[in-house]
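Number of protein chains: 2
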Amino acid sequence: MTDQPILVNGTWQAAQNPAGSFKATNPATKEPLPHSFPVSSWDDLQAMLDAAQAAVIELRQTPRSAIADFLDKYAAAIEARKDALVEISNLETGLPAGTRLPGELGRTTNQLQQAAQAVRSGTWLTATIDTAANIRAMYGPLNGPVIVFGPNNFPLAFNGVSGGDMAAAIAAGNPVIAKAHPSHPRTTQLLAEAALEAIEASGVPQAMVQMFYHTSNENGVKLVSHPITGATGFTGSRVGGMALKSAADAAGKPIYLEMSSINPIVILPGTLQERLDDVAQELFASCTLGAGQFCTNPGLVLMLDTAETQPFIHQVETLFEGSDPGLLLNEGGIGSLQRGIQTWEQNGATRVTGGQPMASGGFRFQNTLYTVDGATFLQNAESLQVEAFGAASLIVIASGLSQLIACLDALEGNLTGSIYSANNGADDALYTDVAKVLRSGVGRLLNDKMPTGVAVSSAMMHGGPYPATGHPGFTSVGIPASIHRFAMWQSYDNVRQHRLPPELQDKNPTGSMWRFIDKEWSQADLN
Amino acid sequence: MTDQPILVNGTWQAAQNPAGSFKATNPATKEPLPHSFPVSSWDDLQAMLDAAQAAVIELRQTPRSAIADFLDKYAAAIEARKDALVEISNLETGLPAGTRLPGELGRTTNQLQQAAQAVRSGTWLTATIDTAANIRAMYGPLNGPVIVFGPNNFPLAFNGVSGGDMAAAIAAGNPVIAKAHPSHPRTTQLLAEAALEAIEASGVPQAMVQMFYHTSNENGVKLVSHPITGATGFTGSRVGGMALKSAADAAGKPIYLEMSSINPIVILPGTLQERLDDVAQELFASCTLGAGQFCTNPGLVLMLDTAETQPFIHQVETLFEGSDPGLLLNEGGIGSLQRGIQTWEQNGATRVTGGQPMASGGFRFQNTLYTVDGATFLQNAESLQVEAFGAASLIVIASGLSQLIACLDALEGNLTGSIYSANNGADDALYTDVAKVLRSGVGRLLNDKMPTGVAVSSAMMHGGPYPATGHPGFTSVGIPASIHRFAMWQSYDNVRQHRLPPELQDKNPTGSMWRFIDKEWSQADLN
Numbered sequence: 067m068t069d070q071p072i073l074v075n076g077t078w079q080a081a082q083n084p085a086g087s088f089k090a091t092n093p094a095t096k097e098p099l100p101h102s103f104p105v106s107s108w109d110d111l112q113a114m115l116d117a118a119q120a121a122v123i124e125l126r127q128t129p130r131s132a133i134a135d136f137l138d139k140y141a142a143a144i145e146a147r148k149d150a151l152v153e154i155s156n157l158e159t160g161l162p163a164g165t166r167l168p169g170e171l172g173r174t175t176n177q178l179q180q181a182a183q184a185v186r187s188g189t190w191l192t193a194t195i196d197t198a199a200n201i202r203a204m205y206g207p208l209n210g211p212v213i214v215f216g217p218n219n220f221p222l223a224f225n226g227v228s229g230g231d232m233a234a235a236i237a238a239g240n241p242v243i244a245k246a247h248p249s250h251p252r253t254t255q256l257l258a259e260a261a262l263e264a265i266e267a268s269g270v271p272q273a274m275v276q277m278f279y280h281t282s283n284e285n286g287v288k289l290v291s292h293p294i295t296g297a298t299g300f301t302g303s304r305v306g307g308m309a310l311k312s313a314a315d316a317a318g319k320p321i322y323l324e325m326s327s328i329n330p331i332v333i334l335p336g337t338l339q340e341r342l343d344d345v346a347q348e349l350f351a352s353c354t355l356g357a358g359q360f361c362t363n364p365g366l367v368l369m370l371d372t373a374e375t376q377p378f379i380h381q382v383e384t385l386f387e388g389s390d391p392g393l394l395l396n397e398g399g400i401g402s403l404q405r406g407i408q409t410w411e412q413n414g415a416t417r418v419t420g421g422q423p424m425a426s427g428g429f430r431f432q433n434t435l436y437t438v439d440g441a442t443f444l445q446n447a448e449s450l451q452v453e454a455f456g457a458a459s460l461i462v463i464a465s466g467l468s469q470l471i472a473c474l475d476a477l478e479g480n481l482t483g484s485i486y487s488a489n490n491g492a493d494d495a496l497y498t499d500v501a502k503v504l505r506s507g508v509g510r511l512l513n514d515k516m517p518t519g520v521a522v523s524s525a526m527m528h529g530g531p532y533p534a535t536g537h538p539g540f541t542s543v544g545i546p547a548s549i550h551r552f553a554m555w556q557s558y559d560n561v562r563q564h565r566l567p568p569e570l571q572d573k574n575p576t577g578s579m580w581r582f583i584d585k586e587w588s589q590a591d592l593n
Numbered sequence: 067m068t069d070q071p072i073l074v075n076g077t078w079q080a081a082q083n084p085a086g087s088f089k090a091t092n093p094a095t096k097e098p099l100p101h102s103f104p105v106s107s108w109d110d111l112q113a114m115l116d117a118a119q120a121a122v123i124e125l126r127q128t129p130r131s132a133i134a135d136f137l138d139k140y141a142a143a144i145e146a147r148k149d150a151l152v153e154i155s156n157l158e159t160g161l162p163a164g165t166r167l168p169g170e171l172g173r174t175t176n177q178l179q180q181a182a183q184a185v186r187s188g189t190w191l192t193a194t195i196d197t198a199a200n201i202r203a204m205y206g207p208l209n210g211p212v213i214v215f216g217p218n219n220f221p222l223a224f225n226g227v228s229g230g231d232m233a234a235a236i237a238a239g240n241p242v243i244a245k246a247h248p249s250h251p252r253t254t255q256l257l258a259e260a261a262l263e264a265i266e267a268s269g270v271p272q273a274m275v276q277m278f279y280h281t282s283n284e285n286g287v288k289l290v291s292h293p294i295t296g297a298t299g300f301t302g303s304r305v306g307g308m309a310l311k312s313a314a315d316a317a318g319k320p321i322y323l324e325m326s327s328i329n330p331i332v333i334l335p336g337t338l339q340e341r342l343d344d345v346a347q348e349l350f351a352s353c354t355l356g357a358g359q360f361c362t363n364p365g366l367v368l369m370l371d372t373a374e375t376q377p378f379i380h381q382v383e384t385l386f387e388g389s390d391p392g393l394l395l396n397e398g399g400i401g402s403l404q405r406g407i408q409t410w411e412q413n414g415a416t417r418v419t420g421g422q423p424m425a426s427g428g429f430r431f432q433n434t435l436y437t438v439d440g441a442t443f444l445q446n447a448e449s450l451q452v453e454a455f456g457a458a459s460l461i462v463i464a465s466g467l468s469q470l471i472a473c474l475d476a477l478e479g480n481l482t483g484s485i486y487s488a489n490n491g492a493d494d495a496l497y498t499d500v501a502k503v504l505r506s507g508v509g510r511l512l513n514d515k516m517p518t519g520v521a522v523s524s525a526m527m528h529g530g531p532y533p534a535t536g537h538p539g540f541t542s543v544g545i546p547a548s549i550h551r552f553a554m555w556q557s558y559d560n561v562r563q564h565r566l567p568p569e570l571q572d573k574n575p576t577g578s579m580w581r582f583i584d585k586e587w588s589q590a591d592l593n
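Following this line, the structure appears as structure tokens:
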């Protein structure tokens with residue numbers, strides 16, 4: 067059987083000298099799916115880099131409207147393939163076809179449309195004019211393509227070829243080279259077909275989006291550090307991310323990583339006096355959403371030891387045990403959960419429920435809950451922060467406030483941190499002490515809310531201190547902030563008016579774009 | 067003789083177990099200056115980190131107005147020491163006491179005042195509100211101190227303890243640990259005295275600014291990658307910068323580097339037909355400013371081979387030869403120039419004038435001009451881009467436009483790129499082709515202007531693609547952009563109104579701060 071083609075410079079073509087081939091597995095049946103996909107050799111990647119380099123030059127002449135058109139038409143082309151995308155991504159990932167995958171598809175097209183809108187508005191460019199000095203600046207594209215590595219857990223909304231990193235990189239005016247996740251190659255292929263349709267309909271360069279399915283770690287490292295490469299976006303494991311980061315950093319190439327996060331949830335005692343059942347239900351729902359395979363899954367819960375603590379844990383246990391475990395994305399998920407839980411056990415955590423793979427029904431693992439006391443957590447804080455990616459959470463029971471604070475101080479950087487507190491104000495003093503510490507360790511601080519919903523909002527921070535990501539100043543979700551990652555800050559000093567980009571000329575080119583003129587935001591023309 | 071004290075946690079104290087001591091050298095006499103300074107062991111740096119960590123916590127409660135007060139009072143305290151600072155920095159650096167050093171001092175106090183103004187206005191925070199989702203975000207401080215390494219060539223405006231990186235890090239709400247440049251320790255000490263006076267007068271933590279003079283490379287690497295450290299700002303050599311970058315990157319600590327840049331100047335032929343003498347004069351003035359020891363010094367000039375080319379070179383030669391070379395900052399500058407020029411010669415460049423150290427008058431080197439043809443440049447492009455830091459420039463003479471473009475394409479990333487063109491429009495077609503290529507390789511594009519003036523402007527980009535810096539999205543000069551380097555993007559999701567920072571509450575806390583509300587900039591309260 068011939069391998070499926072890759073997308074190079076606007077053409078579907080056979081991989082050159084592939085290093086092998088692979089098939090995706092249906093996690094519900096553990097059986098391989100029919101299509102075979104190539105593992106690309108460097109030849110493919112070099113061809114994509116060369117085409118992307120030509121696209122970078124072509125993009126210097128491409129009107130911004132064509133890029134916005136591409137993003138909108140891509141969203142429409144995905145919407146037109148909705149049924150097929152839901153069906154195929156369900157087969158490849160086991161994620162539910164009823165609401166989850168259609169919902170994720172809507173998020174994907176919404177992101178692309180928001181990116182298009184940002185390109186049309188131009189406000190993201192941060193066009194800045196210093197009239198006295200006659201210096202003007204704005205964001206411009208990088209001088210090379212953006213490489214995007216998507217994760218396994220969001221086959222549409224974070225896919226390398228259609229997700230938030232891709233949308234941001236394109237909005238900034240860069241071509242994208244996307245690597246499919248090998249868990250869902252056919253889904254990615256279908257998305258790339260939609261992208262190609264949009265490329266052809268909008269007048270952007272043929273190499274605006276290119277796609278391959280798989281390659282060696284060695285080639286991945288070579289790709290992110292290649293002289294032609296502009297920057298990289300990566301969502302995935304800490305081990306994989308750090309290997310790429312090391313190579314990209316050494317070559318002076320920006321790389322944005324979203325890696326591990328255990329998303330601490332602090333439940334203050336007054337909450338449980340008011341609404342124990344509700345919070346238990348919320349925690350259960352968030353922990354088991356998507357079989358727990360969310361980067362914002364609540365992997366760590368921190369509580370004080372009060373009269374309500376054990377009843378709360380018992381309530382969560384009941385909910386965990388009363389619910390069938392969801393499908394994991396692939397076999398690797400089982401091993402990863404087992405290793406994580408084993409590490410917890412070796413470091414003093416006690417099983418409440420779960421801890422084992424399911425014997426039947428595809429790749430499934432019991433909903434799992436562990437507890438540990440605060441003193442033990444502090445002794446083994448590093449090991450007990452290992453991420454068990456799935457529906458597995460560890461509850462830390464602190465003896466008092468100072469131990470709770472010490473536990474929070476011992477946490478590595480996380481994407482999110484949530485605090486539940488009483489509505490009647492009973493926890494307000496505790497809240498202040500806890501929030502002060504948690505705030506600086508997480509990208510997004512929540513009140514009375516689980517972190518698994520990541521809105522595509524201008525105020526979203528889906529990022530955080532290392533090792534949640536590689537840099538605390540950036541977010542991978544939310545427009546315009548996510549676009550700035552893939553842009554270069556460019557000054558024009560004394561450049562003659564007619565040679566300036568339209569956005570920096572005296573006249574506001576849209577009449578409504580916000581510009582930062584003499585340190586004030588304005589939509590006006592310059593006089 | 068006892069070594070001079072270092073500044074730790076608000077106290078001048080003796081270095082603990084110093085690894086040695088050193089004296090600065092007067093470059094005009096080549097004689098050592100009287101004071102002796104310690105080379106800090108790790109003990110000093112650990113003490114500073116510990117104090118800074120406590121300051122980070124204290125800063126969570128410090129009002130923003132105290133930080134603004136500190137910056138303003140620091141500017142005033144520097145101004146009050148103006149005569150002594152000019153005198154001492156002149157002795158240590160050889161930079162002219164008449165206009166250069168007083169001018170640099172004014173730039174330094176202006177930067178601090180602009181930073182104070184940014185803190186008071188709050189607009190730099192980019193307070194962002196999504197009313198529908200009730201998610202709000204803004205920049206917050208890092209969770210650790212910022213380490214600042216200043217360069218040798220700007221003892222005041224880029225000093226680790228008083229320069230742009232320091233001002234930006236403080237404005238973002240972080241404490242700073244500053245390393246003096248060992249070429250001007252006494253200047254740095256005097257600045258740190260001014261900083262301490264301002265600390266005591268403004269109510270910021272005692273460890274807001276700490277300072278040491280020197281340490282081993284090994285300790286530097288340990289400092290930038292230490293768990294307590296928040297981020298690092300470095301201005302200096304490529305070798306030193308890359309060693310720090312490697313360590314910081316591996317630890318997931320942001321680091322901002324300003325390293326080598328040769329700042330290409332393209333002179334299009336029509337310019338010389340119109341104003342040969344003027345451009346020669348401008349080039350000469352920019353090349354020799356500060357004895358050429360500017361990061362934006364024009365180290366590379368690119369021209370087409372026309373009738374005016376040799377007359378222009380001859381005119382520049384005349385000016386170079388007719389001017390006494392300025393003082394270099396230290397003996398290292400001579401060796402560095404010799405090595406750079408030797409590399410040029412070995413790779414086919416021809417001497418027009420200069421090339422040798424001066425026999426007398428302190429550390430001085432002849433004003434130096436070399437030429438090379440475009441074909442030879444293309445053959446040895448990497449070697450011929452070596453930075454000869456000082457008043458030494460290489461002129462590339464291209465046979466035609468395509469060769470000129472190829473030369474520009476062969477350039478590494480630079481801070482600046484300038485294009486001189488005829489006022490009568492004769493060069494406009496050439497300009498378009500040249501600017502297209504140059505734009506993406508430099509941070510700041512200039513017209514008809516030499517790059518050595520770096521205005522402290524909101525539209526400044528003093529940065530650029532690697533290896534000019536480590537990341538093309540950031541600038542080390544210009545407010546507010548430079549502040550964002552030392553800040554973390556922080557979301558508040560569903561956080562109760564009274565718990566939000568004032569800047570994110572419904573009411574605009576200043577009445578004039580710009581906030582990004584539902585994707586539009588606004589100064590209004592939320593209803």
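Chains U and S, in that order, give the protein sequences. Residue numbering for the first sequence follows our numbering, beginning at 67 and increasing consecutively. Residue numbering for the second sequence follows our numbering, beginning at 67 and increasing consecutively. Glycine included, C-beta positions come from ideal geometry on N, C-alpha and C.
Using a Cβ distance threshold of 7 Å, Thr-354(U) and Leu-481(U) do not count as a contacting pair.
Taking the Cα of Val-105(U) as reference, the smallest distance to any Cα among Pro-98(U), Asn-83(U), Val-290(U) is reached at Asn-83(U).
Of the candidates Val-185(U), Gln-408(U), Ala-233(U), Leu-393(U), Val-185(U) places its Cα closest to the Cα of Thr-576(U). Following the DSSP letters along the chain, one finds Tyr-436(U) in no alpha helix (DSSP H) but inside the beta strand (DSSP E) bounded by residues 434-439. For Thr-518(U), no chain S residue has a Cβ inside 8 Å of its Cβ, as the nearest lies near 11 Å away. Measuring C-alpha to C-alpha distances from Asn-329(U) to each of Ala-316(U), Ser-352(U), Leu-310(U) identifies Ser-352(U) as the nearest. Look at the stretch 553-565 of chain U: the residues with a C-beta under 8 Å from a C-beta of chain S are Ala-553, Met-554, Trp-555, Gln-556, Ser-557, Tyr-558, Asp-559, Asn-560, Val-561, Arg-562, Arg-565.
The C-beta of Ser-524(U) comes closer than 7 Å to at least one C-beta of chain S.
Per DSSP, reduced to three states, the secondary structure at Phe-215(U) is strand. The continuous alpha helix (DSSP H) containing Thr-498(S) extends over residues 494-505.
In this structure, the straight-line span from the alpha carbon of Ser-268(S) to that of Thr-128(S) is close to 11 Å. Under the DSSP assignment, Tyr-558(U) falls outside any alpha helix (DSSP H), being part of the beta strand (DSSP E) whose first and last residues are 553-559.
The beta-carbon of Asp-116(U) is placed no less than 7 Å from the nearest beta-carbon of chain S.
Take the alpha-carbon of Asp-591(U) and the one of Met-204(U): they are about 16 Å apart. Shown here is that no member of the stretch 67-96 of chain S has a Cβ falling below 7 Å from a Cβ of chain U. In the DSSP assignment, Glu-259(S) falls within the alpha helix (DSSP H) that extends over 251-268. Taking a C-beta cut-off of 7 Å against chain U, the contacting residues of the stretch 526-541 of chain S are Met-526, Met-527, Gly-529, Pro-531, Tyr-532, Pro-533, Gly-536, His-537, Pro-538, Gly-539, Phe-540, Thr-541, listed in chain order.
Thr-419(S) is the residue among Gly-365(S), Leu-171(S), Ile-400(S), Thr-419(S) whose C-alpha sits nearest the C-alpha of Ser-389(S).
The beta-carbon separation of Leu-99(S) and Tyr-140(S), rounded to 25 Å, does not stay under the 8 Å limit for a contact. Approximately 4 Å separates the beta-carbon atoms of Ala-237(U) and Ala-181(U); this is inside 8 Å, confirming the contact.
From the beta-carbon of Phe-582(S), the residues of chain U found nearer than 8 Å are Ser-524. Proximity of Thr-409(U) to chain S, defined by a Cβ-Cβ separation below 7 Å, is not satisfied. Using a Cβ distance threshold of 7 Å, Leu-394(U) and Ala-425(U) do not count as a contacting pair.
Counting along the chain, Phe-224(U) sits inside no beta strand (DSSP E), nor does DSSP assign it H or E at all.
Judged by their CB atoms, Met-369(U) and Ile-333(U) are nearer to each other than the 7 Å cut-off. As far as DSSP is concerned, Arg-562(U) takes part in no beta bridge.
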